[in-house]
Each structure stands twice: as structure tokens, then as C-alpha cells.
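**Q** Residue numbers (the UniProt record's numbering): 1 to 264.
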């Protein structure tokens, strides 16, 4: 299935089912928002699957998707956790910030970021100053059902409801300053943007393997190719990242967990 959230004047928008080609949409039954859908997934997923199948079977069904109305699938979320599960990404960050270079061993890198707002795909990203080192980073992300504290990696993948693409903005000049305090990042991590479509893992077929998106994430800068990192290269799968995050806390339905793949 594919979901998209359209602007209806409310803070959380209205969730719609999108056709497989992403061109047409219908309002999702039994859910006003994507968070509603995640909270009641087991009760209504079969109905949304039926809507999705009908939309794909009938080219006259639904309305055209207007990209200008698309919000982030979750315009706000209970929790945003960002991991670094690629060796190259981890090394680039450490080098850029002048940190001791260490590889990823048995423990992923992860922080909790701003989640009360996710920028729409065609929205304007505003920053205090270009002197702060504005940077972008393409990421794969997963949207979760409720994950109980202590969930192990072997049981974690079943909590993945949706897959999204994320633009994780950073202010690189502020990162080393905040790291040096011994506390976490705050000023250096403004709101992220999320691409309009959120898809269920089965839509990827064989390209969803070992809790990894085994596809290249094509990133462009001003129309020029910038990166094509492949999700199959993640040292830690999303199942392992979920288990790491859930070690000492529940993860509520609607938690978004990302893994950076390419940075500038």
C-alpha cells in the first residue's frame, strides 16, 4: 500500500491511499490522519488494502495527486530517532566535525531529534544563517507500530509499518560545539523534510531484504547527481536499529526511525 497526507487546513492533514504509480488518491476509510491509521492499523489495514487494490484496478477512480498539497506523511510525530548505520556516513560525520575516527562495531550511532514538525516535500526550509554550515542528507526511514521496551532484533521488523524517504537537514558548524558540551545535538538539527509517499514494505518486493531497502537512494543537488547510496550497505538493519532504540523505552506507534546514507 501507499499513503499520502494532503493539506486540508489542519495541522495533521488528511491521509489518503495513493495508487501504485503515485498519480491518483482516495481518502483512506476509517482514518482522518496517518497517525490515526497507525494507531488502528490491525483493525483497518484490510480495508485500506482493498481501497489500494481497487484504485490500481480502475484508472478512473480517485482524484489526481496534487504535489503542491502534499505534506510530510506524518507532519508531526511522537518521536524521531536518527541512526548512522553506514560506515561511510559515520566516517564522513566524524571527519567533518573533527572527532576521533572510530568505526561502527556492535553499537549503532543514534540520537533523538525534533519531531513536532516535519517539512512538506515542496516546502521552504528556513535557517538562521548560512554561516551555520547548512547541509542536507538523504535517508531511508521506517514508521513503526507500538514497539514494547526490550524488543529484540529478531522480533523488531514486524513493527515496521511504512517506509519513507527523508531529507535530514543539519547545521554542521554547530555540531562540534554541541558535541563538546557532553550533551546531545539541539541547535544543529532543525526540522527534517519527508517525501510525500509512505509505502508498506511489501511494495518493495525482493528489494526489502534483511530489514534493509536494497535500492539506491538517488540524490541530486541543483539538478546534478550527488549520491546514489544503496540501502543494502547498511551495517545494521532497521530491525537492529529498532532493538537498539527500544532497549530502555517503548516506541509509540508513529515513531519514525531513519538511517543516514549520504551527506554533503
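We treat Cβ as the ideally placed atom computed from N, Cα and C, and that holds for glycine.
From a predicted model like this one, the values you see are computed outputs, not experimental measurements.
What three-state label does DSSP hand residue 228 in the structure shown?
**A** Start at 1 with the first residue of the chain shown, and residue 228 comes out as number 228. DSSP places residue 228 in strand when its eight states are reduced to three.
**Q** To the nearest angstrom, how far is the alpha carbon of residue 2 from that of residue 17?
**A** Against the chain shown, residue 2 aligns to sequence position 2. Against the chain shown, residue 17 aligns to sequence position 17. About 6 Å.
**Q** What would DSSP say about residue 270, mapped onto helix, strand or coil?
**A** Since the displayed the chain opens at 1 and closes at 264, residue 270 lies outside it and no answer follows.
**Q** So, using beta-carbon positions, are residue 77 and residue 115 closer together than 7 Å?
**A** Counted from its first residue, the chain shown places residue 77 at position 77. Counted from its first residue, the chain shown places residue 115 at position 115. Yes. Within cutoff.
**Q** Within 10 Å of its beta-carbon, does residue 152 have 16 or more other beta-carbons around it, so buried, or fewer, so exposed?
**A** For the purposes of this step, residue 152 is identified with residue 152 of the chain shown, where counting begins at 1. With fewer than 16 Cβ atoms within 10 Å of its Cβ, residue 152 is classed as exposed.
**Q** How do the segment 146 to 165 and the segment 238 to 250 stand: do at least 3 beta-carbon pairs fall below 8 Å, yes or no?
**A** Touching, per the Cβ criterion.
**Q** Are the Cβ atoms of residue 73 and residue 34 separated by less than 7 Å?
**A** In the chain shown, the residue the question calls residue 73 occupies position 73. In the chain shown, the residue the question calls residue 34 occupies position 34. Yes, these two residues count as a Cβ contact at 7 Å.
**Q** Compute the distance between the beta-carbons of residue 21 and residue 13, then report whether it is under 7 Å.
**A** Here residue 21 corresponds to residue number 21 of the chain shown, with the count starting at 1. Here residue 13 corresponds to residue number 13 of the chain shown, with the count starting at 1. It is not a contact, given that the beta carbons lie outside the stated cut-off.
**Q** Rounded to the nearest angstrom, how far is the Cβ of residue 164 from that of residue 194, given a contact under 8 Å?
**A** On the chain shown, residue 164 is found 164 positions in, with the first residue counted as 1. On the chain shown, residue 194 is found 194 positions in, with the first residue counted as 1. Their Cβ separation, rounded to whole angstroms, is 5 Å, which keeps residue 164 and residue 194 in contact under 8 Å.
**Q** Return the CA-CA distance between residue 54 and residue 196, expressed in angstroms with no decimal places.
**A** Here residue 54 refers to the residue found at position 54 when the chain shown is read from its first residue. Here residue 196 refers to the residue found at position 196 when the chain shown is read from its first residue. Looking at the two C-alpha atoms, the distance is approximately 21 Å.
**Q** Terminal residues of the continuous beta strand (DSSP E) containing residue 82?
**A** For the purposes of this step, residue 82 is taken as residue 82 along the chain shown, with counting starting at 1. Taken as a continuous stretch (DSSP letters only), the beta strand (DSSP E) holding residue 82 covers 80 to 84.
**Q** So, at 8 Å on beta carbons, what are the nonlocal neighbours of residue 207 in its own chain, with the 5 sequence-adjacent residues on each side left out?
**A** Counted from its first residue, the chain shown places residue 207 at position 207. Result list for residue 207: 213, 214, 215, in chain order.
**Q** Distance check for residue 257 and residue 167, CA to CA, integer angstroms please.
**A** Working through the chain shown from its first residue, we reach residue 167 at position 167. Working through the chain shown from its first residue, we reach residue 257 at position 257. Approximately 13 Å between the Cα atoms of the pair.
**Q** On the DSSP letters alone, give me the boundaries of the beta strand (DSSP E) that residue 167 sits inside.
**A** Locating residue 167 in the chain shown gives position 167, counting from the first residue. It spans 160 to 167 - the beta strand (DSSP E) in which residue 167 sits, taken as one unbroken run.
**Q** With H, G and I counted as helix, E and B as strand and the rest as coil, what does DSSP make of residue 245?
**A** In the chain shown, residue 245 corresponds to position 245, counting from 1. Reduced to three states, the DSSP call for residue 245 is helix.
**Q** Look at the Cβ atom of residue 25, then the Cβ atom of residue 62, and state whether they are nearer than 7 Å.
**A** Working through the chain shown from its first residue, we reach residue 25 at position 25. Working through the chain shown from its first residue, we reach residue 62 at position 62. Closer than 7 Å, so yes.
**Q** So residue 157 and residue 211 are supposed to be a Cβ contact under 8 Å. How far apart are they, rounded?
**A** Locating residue 157 in the chain shown gives position 157, where the first residue counts as 1. Locating residue 211 in the chain shown gives position 211, where the first residue counts as 1. Correct: roughly 5 Å between the Cβ atoms.
**Q** Suppose the cutoff is 7 Å on Cβ atoms and the five residues either side in sequence are ignored; what does the same chain contact list for residue 149 look like?
**A** Within the chain shown, residue 149 is the residue found at index 149, counting from 1. The answer, listed in chain order, is 246, 248, 249, 250.
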